[in-house]
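Colleague: Residues in the sequence shown are numbered consecutively from 812, following this note's numbering. Ideal placement from N, C-alpha and C gives every residue a C-beta, glycine not left out. Every value quoted in this text rests on a predicted model; they were computed, and no experiment measured them. One structure, as structure tokens, below. Some questions next.
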Amino acid sequence: MMYAAELAEGDYISAFRWNAGGSWKGRDWDQDLPNDSQILMHMLCTYLDSHLPPNPRFPDGRPFSSQYFLKCPDKPEKKKADLCIYQSSLNPPNYKVLIKDGCIEVHKGRYNMFHALVAFLHYIKTKEKSMLGQINLELSGLNILWVVSS
């Protein structure tokens, strides 16, 4: 959590390094450690895991991570829902949004994770009536769709 505070210092998470990370326990970042994109995605998944109701199909206690997030080396065919965020590579990190009939590709690079999150939320807002499973992501629920409001 100390690193999360370090990332939050300054304006607009200016310490964010999409394809690298900070030091950990006095050790400089290396590719065997998670990069900042992976850390922020993990934080989002953990937040959503704690706010979605338990799903008996996923008894691991991680209803969002188990159903709506997939990362390599798993293949897109292993997705468990018609909509999910897919991390297709670790280094450099690259995220896509898998939908029922295809994939929403977003530009690779520094802002890829953020663009994938916005595409995921926009899809929920416009195609799923703001519902992620049984949870409303608008004002009457988690209220995280304000990031894609006009």
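(1) Would you say Ala892 and Tyr906 are within 8 Å of each other, going by their C-beta atoms?
(2) Can you check whether the CB of Leu863 is closer than 8 Å to the CB of Ile946?
(3) What is the DSSP secondary structure of Tyr823, counted as helix, strand or coil?
(4) Quick check on the DSSP output: the beta strand (DSSP E) that includes Asn923 runs from which residue to which?
(5) Skipping 5 residues on each side, what residues in its chain have a beta carbon closer than 8 Å to that of Gly833?
(6) Using only the alpha-carbon positions, how far apart do Val958 and Ala930 sit?
(7) DSSP three-state label for Val908, please.
(8) Any idea if Asp860 is buried or exposed, counting beta-carbon neighbours within 10 angstroms, 16 or more meaning buried?
(9) Please tell me whether Asn830 and Asn902 are closer than 8 Å, where the distance is taken between their beta carbons.
(10) Out of Lys836, Arg873, Pro865 and Asp843, state which residue places its alpha-carbon closest to the alpha-carbon of Met854.
(11) With H, G and I counted as helix, E and B as strand and the rest as coil, what does DSSP make of Gln898?
(12) Rounded to the nearest angstrom, how far is the Cβ of Tyr897 from that of Pro887, given a contact under 8 Å?
(13) Are the CB atoms of Lys936 and Leu909 within a distance shorter than 8 Å?
(14) Can you grab the Cα-Cα spacing for the pair Ser877 / Asp871, in whole Å?
Modeller: This is what the structure gives:
(1) no
(2) yes
(3) coil
(4) Run containing Asn923: none in the beta strand (DSSP E); it sits in the alpha helix (DSSP H), Asn923 to Lys938.
(5) Tyr814, Glu817, Leu818, Ala826, Trp840 and Asp847
(6) 11 Å
(7) strand
(8) buried
(9) yes
(10) Arg873
(11) strand
(12) 6 Å
(13) no
(14) 8 Å
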